[in-house]
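Protein chains: 2
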Amino acid sequence: MQNTVPARRVEERMKHFQARASELGLAATHQRRIIYRVIAKSAEHPSPELIYERVKREIPTISLATVYKNIKTFAAMGLVGEVGALPGSIRVDANLDRHHHLVCVNCKAVVDFCDSRLDRVRAARANPENFRILRYQVEALGLCPACQVAPARNKVRTQRRKHNG
Amino acid sequence: MQNTVPARRVEERMKHFQARASELGLAATHQRRIIYRVIAKSAEHPSPELIYERVKREIPTISLATVYKNIKTFAAMGLVGEVGALPGSIRVDANLDRHHHLVCVNCKAVVDFCDSRLDRVRAARANPENFRILRYQVEALGLCPACQVAPARNKVRTQRRKHNG
DNA sequence: TGACAAACGATAATATTTATCGTTTAATAG
DNA sequence: CTATTAAACGATAAATATTATCGTTTGTCA
Numbered sequence: 029m030q031n032t033v034p035a036r037r038v039e040e041r042m043k044h045f046q047a048r049a050s051e052l053g054l055a056a057t058h059q060r061r062i063i064y065r066v067i068a069k070s071a072e073h074p075s076p077e078l079i080y081e082r083v084k085r086e087i088p089t090i091s092l093a094t095v096y097k098n099i100k101t102f103a104a105m106g107l108v109g110e111v112g113a114l115p116g117s118i119r120v121d122a123n124l125d126r127h128h129h130l131v132c133v134n135c136k137a138v139v140d141f142c143d144s145r146l147d148r149v150r151a152a153r154a155n156p157e158n159f160r161i162l163r164y165q166v167e168a169l170g171l172c173p174a175c176q177v178a179p180a181r182n183k184v185r186t187q188r189r190k191h192n193g
Numbered sequence: 029m030q031n032t033v034p035a036r037r038v039e040e041r042m043k044h045f046q047a048r049a050s051e052l053g054l055a056a057t058h059q060r061r062i063i064y065r066v067i068a069k070s071a072e073h074p075s076p077e078l079i080y081e082r083v084k085r086e087i088p089t090i091s092l093a094t095v096y097k098n099i100k101t102f103a104a105m106g107l108v109g110e111v112g113a114l115p116g117s118i119r120v121d122a123n124l125d126r127h128h129h130l131v132c133v134n135c136k137a138v139v140d141f142c143d144s145r146l147d148r149v150r151a152a153r154a155n156p157e158n159f160r161i162l163r164y165q166v167e168a169l170g171l172c173p174a175c176q177v178a179p180a181r182n183k184v185r186t187q188r189r190k191h192n193g
């Protein structure tokens, strides 16, 4: 898979990182710069473990906890996204009919969502990676009714939450 | 959130379960029937832990491992789906532009996928759960080039795999 | 009944993520 | 320039999530 982000774009992202950090009064430490650069350079959606491996090549003494903490910090700053909106644990679905999902970005609730127009989603062009696409699945990300009325809860959550519908 | 699957549909699913199990020569044990029924009854995409809690009310001696094993078995049989195609660990993305993802259902590789038609996806109707939808994200599920040519690897995998692009 | 395989339950092991806490670093006031 | 202070770091324990191991039970069939 292609994992080469053009150097020019990496530098753009580094600039954005610096700007955003100073905006928020967040120290742009050596560790943070390296961690962010590793993420900015990879187009492969790396896991924390992989990021840790690569950062260690430049800062051998770095702690895995620092990597995790800063990934979360970057996500809260809006500097990186997390792929997929779903919670950390398996969720099972007995509904085998074609359907999509409403996902609450706050509490991670998942609700089935049947919609004929979403069933007809297709890409406009062949994908450049030569995947053989079997099906499309749409996630509608938003706020469930409970989280709409409790906006205070709608902030960054580090704690794990269990099986919440 | 609504978590009541009509009794009629639950019974349909139980019939399907029995049929599929005998088709595959899989014993429809008491444990399996109860586990599957718990899943079939809930529209809330339960986690293994939650399924375990509920099954325990009927079979207090059941083991969590049995629940996990059978969830995996049911998934391999095509009796239940797992919500979301992504791997167990966090994946980070420095690309903040609007984009979608190609996901390999075999090796879980994730690749960014920009497509203008997917950007315009909208539901046809208001969603019945009154979510406030903020954005739509499309996952195109399929096989990456490597997994197309290595179909032998394309079977159920129980083992965890690490950071594979 | 006896042999066999499938399934189960207990539990250890592994993987993933977060929390705790003492130390270091960096920014700033004096 | 030094003292103060808060932020950040590193080490590590703890919590959570998932899978593997293994001995026992159960059901099937010769």
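Same order as they appear, the protein sequences are chains A and B.
One point on numbering: in my numbering, the residue at position 14 of the first sequence is 42, and numbering is uninterrupted.
One point on numbering: in my numbering, the residue at position 4 of the second sequence is 32, and numbering is uninterrupted.
No residue lacks a Cβ here, since even glycine has one placed at the ideal position from N, Cα and C.
Note on I87 of chain B: under 16 other CB atoms within 10 angstroms of its CB, so exposed under the neighbour-count rule.
Counting along the chain, L92 of chain A sits inside the alpha helix (DSSP H) bounded by residues L92 to M105.
R148 of chain B carries a coil assignment under DSSP once its states are collapsed to helix, strand and coil.
Your pair D143 of chain A and H129 of chain A does not check out as a contact, with CB atoms roughly 11 Å apart and the cut at 8 Å. The alpha-carbon separation between G106 of chain A and G116 of chain A amounts to approximately 20 Å. Taking 9 Å as the cut-off, the Cβ atoms of R119 of chain A and H44 of chain B do not count as close. DSSP lists A:Q165 and B:H129 as the beta-bridge partner residues of E167 of chain B.
Residues of chain A whose Cβ lies closer than 8 Å to the Cβ of P76 of chain B are, in chain order, S117, I118 and V120. F159 of chain B carries a coil assignment under DSSP once its states are collapsed to helix, strand and coil. By the neighbour-count definition (other C-beta atoms within 10 Å, threshold 16), D121 of chain B is a buried residue. Under the 10 Å beta carbon count, E39 of chain A is surrounded by fewer than 16 other beta carbons and is classified as exposed. Rounded to the nearest angstrom, the Cβ distance from L114 of chain A to G109 of chain B is 13 Å, too far for a contact under 8 Å. Within chain B, the residues whose beta carbon sits less than 9 Å from that of I67 of chain A are V120, D121 and A122, listed in sequence order. Listed in chain order, the non-local C-beta contacts of R60 of chain A below 6 Å within the same chain comprise N98, local neighbours out to five positions each way being set aside. For L146 of chain B, the closest alpha carbon among the candidates B:E157, B:C135 and B:A168 is that of B:A168. The beta carbon of V95 of chain A sits closer than 7 Å to those of I63, P76, I79, Y80 and V83, all from its chain and outside the five residues before and after it, given in chain order. Within the same chain, and ignoring the five residues on either side of R126 of chain A in sequence, the residues whose Cβ sits closer than 7 Å to its Cβ are D147. The beta-bridge partner set that DSSP reports for E110 of chain B consists of A:V120. Shown here for R150 of chain B: same chain residues with a beta carbon closer than 8 Å to its own, the five before and five after excluded, namely Y164 in chain order.
Excluding sequence positions up to five before and after F141 of chain B, its CB lies within less than 7 Å of the CB of H127, H128, H129, L130 and A168, all in the same chain and listed in chain order. Among the bridge pairs identified by DSSP, V138 of chain A is matched with A:V131. Under the criterion of beta carbons closer than 8 Å, A68 of chain A and M42 of chain A qualify as touching, at roughly 7 Å. Counted as a single uninterrupted DSSP element, the alpha helix (DSSP H) harbouring E86 of chain B occupies residues P76 to E86. Scanning its chain for C-beta atoms nearer than 6 Å, with the 5 sequence neighbours on each side dropped, one finds around V33 of chain A the residues K69 and A71, in chain order. Cα atoms of G170 of chain A and V166 of chain B: separation of roughly 14 Å, rounded to the nearest angstrom.
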